[in-house]
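The structure under discussion appears below in the form of structure tokens.
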Amino acid sequence: MIEQNGKILTVNDLKTYFQTEDGVVKAVDGITFTLEKGETLGIVGESGSGKSVTNLSIMRLIPEPPGKIVSGTIVFDGVDVRQLSIDEVRKIRGKRMAMIFQDPMTSLNPFLKISTQLMEVTELHLGHNKKQAREHAIKMLDTVGIPDAKNRIDGYPHEFSGGMRQRVMIAMALSCDPELLIADEPTTALDVTIQAQILELIKDLKARMGTSVILITHDLGVVAGMTDKIIVMYAGKVFEQAPTFELFATPANPYTKGLLKSVPDPAHEDGTELYQIPGLPPDVANLPPGCPFAPRCARAEDICRAQYPPFVEINENHRSLCHFAKEVYAESVAEREKL
Amino acid sequence: MAENNENNLLSLKNLQVHYKIGGGLFKTIKHVKAVDGVSLDIKKGETLGLVGESGCGKSTLGKAILRLTEPTGGQVLYNGKDLANVSQKQMRDERKNLQMIFQDPYASLNPRMTVGQIIGEPIRTFNLSNGGSVEEKVQNLMETVGLNRRFTKRYPHEFSGGQRQRIGIARALAVDPEFIVADEPISALDVSIQAQIMNLMAKLQREKNLTYLFISHDLRAIRHVADRVAVMYLGRIVELGQAKTVYAEPLMPYTKALISAVPIPDPEIEAKRTRIILKGDVPSPINPPSGCHFNTRCQYAIAECRRIEPKLVEIKPQHFAACIRISSENPHIEENVKNGLGVIGN
Ligand SMILES: Nc1ncnc2c1ncn2[C@@H]1O[C@H](COP(=O)(O)OP(=O)(O)OP(=O)(O)O)[C@@H](O)[C@H]1O
Ligand SMILES: Nc1ncnc2c1ncn2[C@@H]1O[C@H](COP(=O)(O)OP(=O)(O)OP(=O)(O)O)[C@@H](O)[C@H]1O
Ligand code: SF4
Ligand code: SF4
Ligand SMILES: [Mg+2]
Ligand SMILES: [Mg+2]
């Protein structure tokens with residue numbers, strides 16, 4: 008057992024790489040964070056920044072080869088997950104830590120009825136018999152808002168709509184009341200009313216079971232309402248981390264500021280183009296030297312292109328990977344005071 | 006020749022898709038009424054937004070227009086033809102003009118083909134490289150949707166969720182279509198790439214006079230990209246109008262609830278606001294409520310709502326709604342309720 012002081016999860020310097028045609032993709036390159044019991048962490052960042060790979064690594068679900076966790080530790084409730092055998096991992100996965108996957112079809116078997124897939128989980132982890140498992144499965148589908156669950160449960164995944172499949176997967180992840188829930192874009196396919204219902208469900212699980220949650224989402228509206236703290240990822244690295252309130256109020260990184268600026272604003276007049284961060288996310292198999300954001304950063308100076316930026320401490324809970332972190336932070340504070 | 010106003014690219018007439026489920030030994034067959042009598046005109050060059058709760062029939066409607074799922078009734082008028090009733094062979098030729106961006110990108114990308122082959126396939130099928138090389142065109146398309154042009158040899162599973170979505174977008178754009186059903190094209194994308202894709206779609210529309218049916222549950226995005234918006238509930242269109250009007254002054258109780266639930270990217274506002282969370286379960290499309298489908302969850306429902314099927318009528322200029330408790334003289338349901346008005350519309 009590793010001493011943890013109320014922390015359910017500690018990830019330290021995690022690196023997960025993939026071998027591909029055009030070189031090594033450093034999908035996750037030195038990620039460090041902790042999660043207290045009962046806390047909710049948000050992970051945001053552009054497409055391809057390594058959010059899913061970080062969490063698949065925690066769940067030990069990286070396909071090897073071509074992928075490999077090359078270094079780092081992942082300590083879940085005192086146990087180093089990387090040292091566990093696959094059998095030991097299976098006992099935890101789905102029961103003590105569960106994941107809602109970004110792509111429902113990666114975790115649903117297209118050839119099996121929804122009922123079979125849901126029942127398997129509680130038969131395995133909670134020792135349910137067929138009848139109990141079926142009742143539990145119907146109850147779970149009800150809770151995630153599938154109408155007429157008892158008539159739909161014997162359907163196949165292709166007979167469900169996109170959002171319904173996503174909810175089946177949420178039902179599956181929540182069915183054993185996990186201690187750690189990793190939710191990878193759990194509500195992307197859901198409309199706002201059901202999204203609100205699912206988010207309530209996660210809050211309820213937290214209140215009831217003290218569950219800790221990692222919420223990966225590109226919806227800054229969702230992270231704003233749901234999380235205690237946030238990490239912002241870019242090119243496999245943590246660019247900024249801060250308590251939620253502080254990150255929105257006074258970001259200390261140009262990349263975070265760009266993300267915040269590109270949210271569509273319903274009050275906007277028509278015809279205006281949405282703000283977009285210029286350029287493309289980098290190819291992580293071929294990163295430039297210096298700051299990986301430099302080619303797209305309006306603030307970049309020569310030093311950014313030459314030297315890798317430091318992870319600057321703004322305060323005890325707030326850090327930013329940027330040569331000018333303190334200045335950017337000061338500007339945010341000034342902008343906020345003007346409001 | 007089927008009639009169709011020339012400003013309309015497509016006219017849906019009472020379109021219907023009822024899926025059979027169940028069956029098998031000893032089991033009764035039931036029908037999911039996914040699309041239940043939709044009549045809608047899609048104008049040339051417009052972006053028509055389609056919103057509604059999960060499972061209300063949006064994807065089915067989009068697929069039925071392109072015959073990717075078979076309509077069980079009604080018509081889809083396009084260039085004087087009824088697409089709902091042409092042969093599959095004729096339909097394949099029409100797909101050069103009518104394309105779809107799928108909601109579930111992974112399920113719609115062949116895992117054994119490289120991305121270059123996936124995007125290049127329709128270019129080869131319809132012979133569209135215009136003398137230039139297919140590879141060149143593929144690489145340009147990839148760049149357009151924000152993918153590195155060097156990724157052509159990679160397979161779909163080697164991409165992140167949002168990257169896969171963009172492969173689907175590039176594939177739909179490859180044939181220079183006239184009409185695209187974009188089924189949740191941006192919901193898997195982060196905000197900055199959402200902005201990039203929305204801006205791109207708008208640019209292509211200006212340049213090529215493209216017409217979109219833009220399916221999304223994200224009202225913020227719809228508000229931004231759509232000219233008009235149609236609100237769907239359990240297989241039927243219940244409200245239709247200019248996107249900004251529907252967003253600012255919704256007529257239907259259902260639309261009002263949808264709009265109030267949009268999350269706001271500001272933790273201070275989020276902590277204070279209250280949402281109208283719709284009460285009651287979403288009814289089943291196997292057995293939808295009689296009369297107005299929304300009556301089981303509507304706070305203004307009266308006995309007649311269970312009997313009368315409201316029709317979509319013009320309440321304000323170019324703004325249609327399907328509710329028996331509003332009319333063009335009295336468009337505000339809250340006032341009508343306060344004044345004790347019962348059935349006044351329809
Ligand atoms: N199996 C794989 N083989 C090769 N590269 C991969 C593989 N899986 C992921 N990658 C690459 O790793 C990087 C990070 O991917 P990841 O799925 O973590 O992104 P993400 O932040 O979750 O993005 P999104 O928001 O689009 O889901 C991407 O560049 C992706 O192309
Ligand atoms: N092939 C099928 N067989 C049987 N039922 C189906 C089939 N496809 C869809 N359905 C059902 O039809 C209804 C409408 O599904 P559809 O996919 O059109 O919804 P949607 O509005 O796109 O929802 P979402 O926002 O979740 O994607 C749902 O109840 C769904 O389960
Ligand atoms: S280090 Fe330079 S390039 Fe990187 S985010 Fe900071 S200012 Fe921009
Ligand atoms: S017809 Fe009745 S139930 Fe339907 S929206 Fe109007 S008031 Fe509500
Ligand atoms: Mg992802
Ligand atoms: Mg759909």
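Protein chains in written order, with our numbering: chain A, 8 to 346; chain B, 6 to 351. Virtual Cβ for every residue (Gly too), placed ideally from N, Cα, C. In this text, all values refer to a predicted model and were calculated from it rather than measured experimentally.
1) Scan the region 94-115 of chain B for residues whose Cβ lies nearer than 7 Å to a Cβ of chain A and list them as they occur along the chain.
2) Is there contact between the region 281-293 of chain A and the region 49-65 of chain A, where contact requires at least three CB pairs shorter than 8 Å?
3) When the distance is taken between beta carbons, is VAL319 (chain A) closer than 7 Å to PRO261 (chain A)?
4) Helix, strand or coil for VAL4 (chain B), going by three-state DSSP, please let me know.
5) For the beta strand (DSSP E) that contains VAL82 (chain A), what are its first and last residues?
6) Mind listing the chain A neighbours of ALA266 (chain B)? Cutoff is C-beta to C-beta under 7 Å, in chain order.
7) Just to confirm before moving on: does the CB-CB distance between MET105 (chain B) and LEU71 (chain B) stay below 7 Å?
8) Does DSSP put ASP20 (chain A) in a helix, a strand or coil?
9) Any beta carbon of chain A sitting closer than 7 Å to that of ASN153 (chain B)?
10) For chain A, check one thing: does any of its Cβ atoms lie closer than 7 Å to the Cβ of SER59 (chain B)?
11) Applying a beta-carbon distance threshold of less than 7 Å, which residues of chain A neighbour ILE5 (chain B)?
12) List, in order along the chain, the chain B residues whose C-beta lies closer than 8 Å to that of THR218 (chain A)?
13) Can you round the beta-carbon distance between VAL40 (chain B) and GLY240 (chain B) to whole angstroms, since I take them to be within the 8 Å contact cut?
14) Quickly, what does DSSP pair HIS23 (chain B) with across the bridge? List them, please.
15) With distance defined between alpha-carbon atoms, name the residue in B:THR74, B:GLU58, B:GLY27 nearest to ALA266 (chain B).
16) Give a single yes or no on whether ALA306 (chain B) has its beta carbon closer than 6 Å to a heavy atom of ligand 4.
17) Look up GLY30 (chain A) in the DSSP assignment and give the residues it is bridged to.
18) Quick check: is any heavy atom of ligand 2 less than 6 Å from the C-beta of GLU166 (chain A)?
19) Can you look up MET66 (chain A) in the DSSP assignment and give me helix, strand or coil?
20) Return the CA-CA distance between PHE219 (chain B) and LEU115 (chain A), expressed in angstroms with no decimal places.
21) Within the same chain, show all residues whose beta-carbon is closer than 8 Å to that of PHE131 (chain B), passing over the 5 residues directly before and after it, in chain order.
22) Which residues, in chain order, does the region 168-190 of chain B contribute to contact with chain A at a C-beta distance below 9 Å?
23) With H, G and I counted as helix, E and B as strand and the rest as coil, what does DSSP make of GLY265 (chain A)?
24) Closest to ILE307 (chain B) by CA distance: which of B:LEU317, B:ILE331, B:ALA112 is it?
25) Where does the unbroken beta strand (DSSP E) through ALA105 (chain A) begin, and where does it stop?
26) Rounded to a whole number of angstroms, what is the C-alpha to C-alpha distance between ASP195 (chain B) and ILE223 (chain A)?
27) Buried or exposed: THR47 (chain A), going by 16 or more other Cβ atoms within 10 Å of its Cβ?
28) What does the Cβ neighbour count give for SER64 (chain A), buried or exposed, with the cut at 16 atoms within 10 Å?
29) Taking only the alpha-carbon atoms, compute the straight-line gap between LEU254 (chain A) and GLN170 (chain B) and give it to the nearest angstrom.
30) Could you pull out every residue in the same chain whose Cβ sits closer than 6 Å to the Cβ of GLN144 (chain B), ignoring the five residues on either side in sequence?
31) If we ignore side chains and look at the alpha-carbon of each, how far apart do ALA307 (chain A) and GLY217 (chain A) end up?
32) Which of the three DSSP states is assigned to ASP235 (chain A) in this structure?
33) Within a Cβ cutoff of 8 Å, which residues of the same chain sit near ILE264 (chain B), ignoring the five residues on either side of it in sequence?
34) Restricting to Cα atoms, I'd like to know which of A:ARG103, A:THR23, A:TYR24 is closest to SER219 (chain A).
35) Ordered along the chain, which non-local residues of its own chain (more than five positions away) have a Cβ less than 8 Å from that of TYR238 (chain B)?
36) Under 7 Å between C-beta atoms, does ALA200 (chain B) make it to chain A?
Walking through what the data contain:
1) GLN108, ASP109, TYR111, ALA112
2) yes
3) no
4) The requested residue 4 (chain B) is not part of the displayed model; chain B covers only 6 to 351.
5) 74-83
6) VAL199, THR200, ALA203
7) yes
8) strand
9) yes
10) yes
11) Any property of residue 5 (chain B) remains undetermined from this structure, which presents chain B solely from 6 to 351.
12) Neighbours of THR218 (chain A) on chain B: none; closest Cβ ~21 Å, over 8 Å.
13) 5 Å
14) B:LYS38
15) B:GLU58
16) yes
17) A:THR27
18) yes
19) coil
20) 27 Å
21) LYS101, VAL180
22) GLN168, ARG169, GLN170, ARG171, ASP188, GLU189
23) helix
24) B:ILE331
25) 104-107
26) 11 Å
27) buried
28) buried
29) 28 Å
30) ARG154
31) 43 Å
32) coil
33) LEU224, TYR252, PRO255
34) A:ARG103
35) GLY57, GLU58, CYS61, TYR259, HIS298, PHE299
36) yes
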